[in-house]
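Comments concern the structure below.
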Amino acid sequence: MKAKALTRILCMLLTCLLTAFMLVACADVDRSGDWETATYVKDETLGKGAKTITVKVVADGQELTFTVRTDKENLEDALLEHELIAGDEGAFGLYIKKVNGIVADYDADKSYWAITKNGEPTSGARDTLIADGECYELTKTVSEW
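Heads up: the sequence shown runs through residues 5 to 149, numbered per my numbering.
Set out below in structure tokens:
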């Protein structure tokens, strides 16, 4: 009888520990610093298109990953479709000032959004054609100039 009770208690403790571990492993970003204004604070899957891309947003030492499903042809349109970016329209496309609600303002603090594709710099979101399975990173960067 005591063995069954002990087994049940151990199973419940193990379940609690596993649940706690999963919650920590899937933790949301801390809503501090740049992330105070973030729209999303945990990894998300957005859209229903034929192409699936991964978009990592990095700011203030924290990051989130978005799985974006889209039928759009370029990165700018795919991110605008899900309201992940905002900015000012210019001659070369959208000058991205906001990603996931996080502002980068070059005029205020020399910060901007750097975009890479599979670790390599891109020529801009509008000129970056997307294909299924590609990975992008938008990193809030402070210019040294």
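Don't be surprised by glycine CBs; every beta carbon is placed ideally from N, CA and C.
Given this structure, state the Cα-to-Cα distance separating residue i from residue j, to the nearest angstrom.
| i | j | result |
| --- | --- | --- |
| Lys144 | Tyr116 | 6 Å |
| Thr132 | Ala82 | 11 Å |
| Tyr140 | Tyr44 | 17 Å |
| Ala118 | Ala54 | 26 Å |
| Glu124 | Glu67 | 18 Å |
| Asn104 | Leu50 | 13 Å |
| Lys76 | Thr126 | 17 Å |
| Ala63 | Lys6 | 53 Å |
| Glu87 | Ile100 | 12 Å |
| Val59 | Asn78 | 13 Å |
Our contact map puts residue i next to residue j with C-beta atoms below 8 Å; I'd like the distance itself, whole angstroms only.
| i | j | result |
| --- | --- | --- |
| Lys121 | Glu138 | 6 Å |
| Trp39 | Ile106 | 7 Å |
| Phe70 | Glu85 | The pair is not a contact, with the Cβ atoms about 12 Å apart (cut-off 8 Å). |
What residue from the options has the CA that sits closest to residue i's CA?
| i | options | result |
| --- | --- | --- |
| Lys52 | Leu83, Ala108 and Thr74 | Thr74 |
| Ala135 | Ile57, Pro125, Lys102 and Val45 | Ile57 |
| Lys102 | Ala95, Glu80 and Thr49 | Glu80 |
| Asp109 | Asp64, Val146 and Lys6 | Val146 |
| Ala95 | Glu77, Asn78 and Gly128 | Gly128 |
| Gly65 | Tyr99, Gly37, Thr126 and Lys6 | Gly37 |
Using the Cβ count rule (16 or more neighbours within 10 Å means buried), how would you classify residue i?
| i | result |
| --- | --- |
| Glu93 | exposed |
| Glu148 | exposed |
| Ala112 | exposed |
| Ala42 | buried |
| Cys15 | Residue confidence for Cys15 is low, a pLDDT of 43 falling below 50, so the modelled location carries little weight; the figure read from the coordinates is stated next. It counts as exposed. |
Is the distance from the Cβ of residue i to the Cβ of residue j below 8 Å?
| i | j | result |
| --- | --- | --- |
| Arg130 | Gly97 | yes |
| Lys46 | Asp32 | yes |
| Leu142 | Val61 | yes |
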